[in-house]
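Colleague:
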Amino acid sequence: MTVSANWYLSLGAVLFSIGALGLLIRRNVLIMFMCVELMLNAANLTFVTFARELNDIGGQVLVFFVLVVAAAEVVVGLGIVVAIYRRRSSTSADDLHAMKG
Amino acid sequence: MLHLTWLIIALPLAGFVVQLALGRRLGDPVAGWVATAFVALSFVLSVGVYLSLLKVVAPVRSFSQTLWTWIPVSAGPGANGLHVTASLYLDPLSMTMVLFVTGISMLIHMYSVAYMKGDRDFPKFFLYLNLFVASMLILVLGSNMLVTFVGWEGVGTCSYFLIAFWFTRESAASAGKKAFIYNRIGDVGFLVAIFLTFERTGTLEYQAVFQDVNKIGPGYITAICLCLLLGVMGKSAQIPLFPWLADAMEGPTPVSALIHAATMVTAGVYLLCRVNPLLHASPDAAFTVACVGAATAFIAATIACAQDDIKKVLAYSTVSQLGYMFLAIGCGAYEAAIFLMIAHAFFKGLLFLGSGSVIHGLHDEQDLKRMGNLRRYMPITFITFAVGWLCIAGVPPFSGFWAKGDVLDNAWAAHPALWFVGIFTAGLTAYYMSRLTGLAFFGKDRWKDKSPLDAGRDMVEHHSEGSIPAPHESNWIMTVPLVVLAVFAALAGALDAAGPHLSLAHWVDPVFTDTLYSDNEAVHTEWLLAILDAIVAITFVTIGLRLWITRADRPKLESRVLRHSWYLNEIYDFLIGRPGARLAQFSSAVVDARVIDGAVNGVGTLVRRSGTLVRRSQTGYVRNYALAIVAGVVLLLAFALTRTWWS
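Chains as they are written, first to last, in numbering that gives the first Met the number 0: chain P, 0 to 100; chain D, 0 to 646.
(1) Going by other Cβ atoms of all chains shown within 10 Å of its Cβ, with 16 needed for buried, is L438(D) buried or exposed?
(2) If we ignore side chains and look at the alpha-carbon of each, how far apart do I422(D) and H414(D) end up?
(3) Assuming the contact rule is C-beta atoms closer than 8 Å, P11(D) and L136(D) should be a hit. Round their C-beta distance to whole Å, please.
(4) So, using beta-carbon positions, are C272(D) and A207(D) closer together than 8 Å?
(5) For A637(D), return the contacting residues in chain P, with the cut-off set at a CB-CB distance below 9 Å.
(6) Here's the rule I'm using: 16 or more other beta-carbon atoms within 10 Å means buried, otherwise exposed. How should N213(D) be labelled?
(7) Would you mind reading off the limits of the alpha helix (DSSP H) that contains H108(D)?
(8) Could you tell me whether any Cβ in chain P is nearer than 8 Å to the Cβ of A625(D)?
(9) Please compile the residues from chain P whose C-beta is within a distance smaller than 7 Å of the C-beta of T714(D).
(10) Kindly list the residues whose CB is nearer than 8 Å to the CB of R614(D), restricted to its own chain and excluding five residues on each side of it in sequence; keep chain order.
(11) Verify whether the separation of the beta carbon atoms of G31(D) and V112(D) is less than 8 Å.
(12) Which term fits I302(D), buried or exposed, when burial requires 16 or more other beta carbons within 10 angstroms of its beta carbon?
(13) Under three-state DSSP, which class holds L66(D)?
(14) Taking the C-alpha atoms as reference points, what is the distance between A284(D) and N275(D)?
(15) Thinking C-beta only, is T221(D) closer than 8 Å to S281(D)?
(16) From the DSSP output, in three-state form, read off E204(D) for me.
(17) Determine which residues share a DSSP beta bridge with V83(D) and list them.
(18) Could you work out which residue in L278(D), F487(D) and A627(D) is closest to C390(D) when comparing CA atoms only?
(19) Are the Cβ atoms of A625(D) and L23(P) separated by less than 8 Å?
(20) I want to verify the contact list: residues of chain D whose CB lies under 9 Å from the CB of L23(P), in sequence order.
(21) I'd like to check one pair, T262(D) with V100(D): are the Cβ atoms closer than 8 Å?
(22) Let me make sure I understand the geometry here. Which of A133(D), T428(D) and L544(D) has the alpha-carbon closest to that of F647(D)?
(23) Within 10 Å of its beta-carbon, does K403(D) have 16 or more other beta-carbons around it, so buried, or fewer, so exposed?
(24) For the region 28-44 of chain P, which residues have a CB atom closer than 9 Å to at least one CB atom of chain D, in sequence order?
(25) Which residues in chain P have a C-beta closer than 8 Å to the C-beta of R614(D)? List them in chain order.
(26) Going by beta carbon distance, what residues of the same chain come within less than 8 Å of A305(D), once the five residues before and after it are set aside?
(27) Judging by CA-CA distance, which residue of V72(D), A34(D) and V139(D) is the nearest neighbour of G105(D)?
(28) Let's see if you can read the secondary structure: which residues bound the alpha helix (DSSP H) around R445(D)?
(29) For a contact meaning CB atoms closer than 7 Å, what does D93(P) contact in chain D?
(30) Starting from A19(P), find everything on chain D with Cβ-Cβ shorter than 7 Å and list it in chain order.
(31) Any chance you could list the alpha helix (DSSP H) runs of at least 4 consecutive residues sitting entirely within the region 358-407 of chain D, in chain order?
(32) Can you give me the C-alpha to C-alpha distance between F125(D) and V590(D), rounded to a whole angstrom?
(33) Under DSSP, the alpha helix (DSSP H) around S255(D) begins and ends at which residues?
(34) For M144(D) and T380(D), I'd like the C-alpha separation in whole angstroms.
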């Protein structure tokens, strides 16, 4: 039995929703980061699926871009998280509302 | 020498420039003498030009000189070009004006050197005076309406500067503004007349306009003449624009003599004489001029009967005499108007300078009720003043008799009612001038007592303490102009009586179109009118003297209405001043504060309020922002999906 593209796409959608939901619900900055990664990879999965379905290498190339950007983002993001943790010894996103209007 | 005409204007103008550059350095009497010298040169030159003009053959005795092209707008499609040159025009009329303007200016410059001695702004006074003479000459010599208008505005500006010369006094400053604003109302009329003339004829040159009089159309001619009348009402202080001239007496006395008696205020008379072909073509306008003149002459004369300030009496008398000139012009008797203008320039200049001498001698006292018996102390001033008094009163054989007689003859020819107003005013004139002379030069030495008469009045500061020192005769710099003017004033009648070929009327006649009303009265009518004039003058002089030498206080003869000049100032204040002030206050309190500030502040408030409102969305919680993004994505998706389904 071959696994059809629909399964991959559904998995991508489920992963993306879990990530989005986690981002909205969780307060811990690290968890929120992981959720963002989850969403990015859900997108990657979708890209790859369509690349194979449509026989277009473009989708796979884009995945590499996403991976690179995600890596860079994690570096910067984790750096910020560490800096914040050093100042406040907390990683709760709700503590960081200094930009309140 | 005719080609040197431009130099007549350039000399006082050069004097102005010299004063501007060096006035302060030249200092007290020198600056005045320098200014006098420039005007004197100008006078000598105009005599030379006059002699040259005499050689030009009579029927076209004129000379025009184009200096440069001023406005060179060439003709465009469907429109006449506006081509105006800065050019001068010399004919018997303007020549006469130039001669007496420069001559009298010279004398008054000289007088001012003594009168203004020790003033803080001595050089500045002569700076303005020179500029005034130059402007007046531009006005007189202008060959087209626009050049005349430049001079017209120039004299108005100088008049403003000189009335407000002692600007630290509140009353002088506001009198200057008053004169300027009244003149401005008139200037609008003059400007509209210029526009209308250009619209109908496509040119502004007087001679070209006069050739095209028939092309203008009767309605337009009347409109132009009435607009000009409004213009000259302002400048020559006619009803209803005359109250400024009384306030103009806040200026130094030489200014009152030169600008507000002899020259500037006669500019209106000159202008109407200059455009006589237009007036001739519009009898309605001419009749209006005559009526305005007669009414002004009468009303101003009544006011002059009840004033206490020696200069105010003379000011209203000037208004009244200007009214006579307008009456003459309205009757088509331009020669008579010019004749009276010249005679008036002499005797009114003389009277003003005489009053200046009195004021000077009494240490700045202007109240007639605080003078008296001055003939003992100031003999030269008294004799010269008396000549002026008899002239203006119309006592033969002095010039006023001839000049006023001329006007009244023509008024009789035009309409007996005008003549009646004229002769009645002549009687009033004789009366109030005799009152003035009687109060100032005869009677008791009232200047000695600190009279209770003035207890309530605010006096000039330095009189309030101590006794007034005895009056003294002025020095020769002031008396020489008085004597010269007195001689001219007494003899000016000869201008008319000199015989048919030498008389002024014969000299200026080519300038004027025929008179409107046929002046074909029988000789015995003329004699009768003249004798009547003389009787009226002598009677009223006697009455005035008898009444006012014996007593200085006759309240019944000085009714409150006349003391307040028919409440004209109050009426204008009520009709124009107060509503204007209310409008200004309304604009300030409501339009500015509510409408304009309201709009500006409203925008600010709106931005601030909406900012406060929108600020709440910035919670600072990342999850809120994320939710907003998710919601946005969902909405976009929903939109995209529904679109695909529907289409």
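C-beta atoms are modelled at their ideal positions from N, C-alpha and C, and glycine is treated no differently.
As the structure is a computational prediction, the values presented were derived from the model and not from experiment.
Modeller: Put simply:
(1) The residue given as residue 438(D) occupies position 439 in the second sequence. Burial call: buried.
(2) Taking the second sequence and counting its residues from 1, one reaches residue 422(D) at position 423. Taking the second sequence and counting its residues from 1, one reaches residue 414(D) at position 415. So the alpha carbons of these two residues sit roughly 13 Å apart.
(3) Here residue 11(D) is taken as the residue at index 12 of the second sequence, counted from 1. Here residue 136(D) is taken as the residue at index 137 of the second sequence, counted from 1. Distance from P11(D) to L136(D) at the Cβ level is roughly 7 Å; contact confirmed, criterion being Cβ atoms closer than 8 Å.
(4) For this step, residue 272(D) is matched to residue 273 along the second sequence. For this step, residue 207(D) is matched to residue 208 along the second sequence. No, the Cβ-Cβ distance between C272(D) and A207(D) is not below 8 Å.
(5) In the second sequence, the residue the question calls residue 637(D) occupies position 638. Residues of chain P with a Cβ closer than 9 Å to the Cβ of A637(D) do not exist, since the nearest Cβ in that chain sits about 16 Å away.
(6) Taking the first residue of the second sequence as position 1, residue 213(D) is located at position 214. It counts as exposed.
(7) Taking the second sequence and counting its residues from 1, the one referred to as residue 108(D) is at position 109. Segment P91 to Y114, the alpha helix (DSSP H) holding H108(D).
(8) The count along the second sequence starts at 1 and reaches residue 625(D) at position 626. Judged by the 8 Å Cβ criterion, A625(D) is in contact with chain P.
(9) Chain D is shown only over 0 to 646; residue 714(D) falls outside these bounds and no answer can be derived.
(10) To locate residue 614(D), count along the second sequence from 1; it is residue 615. Excluding residues within five positions, none has a Cβ falling inside 8 Å.
(11) Mapped onto the second sequence, residue 31(D) falls at position 32. Mapped onto the second sequence, residue 112(D) falls at position 113. By the CB criterion at 8 Å, G31(D) and V112(D) fall inside the cutoff.
(12) For the purposes of this step, residue 302(D) is taken as residue 303 along the second sequence, with counting starting at 1. So I302(D) counts as buried.
(13) Within the second sequence, numbered from 1, the residue matching residue 66(D) stands at position 67. In this structure, L66(D) counts as strand in the three-state DSSP scheme.
(14) Numbered from its first residue, the second sequence carries residue 284(D) at position 285. Numbered from its first residue, the second sequence carries residue 275(D) at position 276. Approximately 11 Å between the Cα atoms of the pair.
(15) The residue labelled residue 281(D) in the question sits at position 282 within the second sequence. The residue labelled residue 221(D) in the question sits at position 222 within the second sequence. A contact, by the Cβ cut-off of 8 Å.
(16) Your numbering for residue 204(D) matches position 205 in the second sequence. DSSP, read as helix, strand or coil, puts E204(D) in strand.
(17) Position 84 of the second sequence, counted from the start, is the residue given in the question as residue 83(D). I70(D).
(18) As a working mapping, residue 390(D) is identified with position 391 in the second sequence. Nearest C-alpha to C390(D): F487(D).
(19) Counting from 1 along the second sequence, the entry for residue 625(D) is found at position 626. Counting from 1 along the first sequence, the entry for residue 23(P) is found at position 24. Yes, the Cβ-Cβ distance between A625(D) and L23(P) is below 8 Å.
(20) Mapped onto the first sequence, residue 23(P) falls at position 24. The answer, in chain order, is R622, A625, L626 and V629.
(21) Translated into positions along the second sequence, residue 100(D) becomes position 101. Translated into positions along the second sequence, residue 262(D) becomes position 263. Yes, the Cβ-Cβ distance between V100(D) and T262(D) is below 8 Å.
(22) No answer is possible for residue 647(D): the residues shown for chain D start at 0 and end at 646.
(23) Translated into positions along the second sequence, residue 403(D) becomes position 404. Burial call: buried.
(24) V28 and M31
(25) What you label residue 614(D) is simply residue 615 of the second sequence in a count that begins at 1. Those within 8 Å of R614(D) in chain P are G100.
(26) Mapped onto the second sequence, residue 305(D) falls at position 306. Excluding positions up to five away in sequence, the list reads L556, E557, S558, L561 and R562.
(27) The residue given as residue 105(D) occupies position 106 in the second sequence. According to the sequence as given, residue 105(D) is Met; it is not Gly. The candidate whose alpha carbon is nearest that of M105(D) is A34(D).
(28) Against the second sequence, residue 445(D) aligns to sequence position 446. Unbroken run through R445(D): none, as it is neither H nor E.
(29) As a position in the first sequence, residue 93(P) is number 94, starting the count at 1. The answer, in chain order, is Y620.
(30) On the first sequence, residue 19(P) is found 20 positions in, with the first residue counted as 1. The answer, in chain order, is V629.
(31) 378-392
(32) Within the second sequence, numbered from 1, the residue matching residue 125(D) stands at position 126. Within the second sequence, numbered from 1, the residue matching residue 590(D) stands at position 591. V590(D) has its alpha-carbon roughly 45 Å from the corresponding atom of F125(D).
(33) Along the second sequence, read from residue 1 onward, the residue named residue 255(D) stands at position 256. Counting along the chain, the alpha helix (DSSP H) containing S255(D) begins and ends at T252 to A256.
(34) On the second sequence, residue 144(D) is found 145 positions in, with the first residue counted as 1. On the second sequence, residue 380(D) is found 381 positions in, with the first residue counted as 1. About 41 Å.
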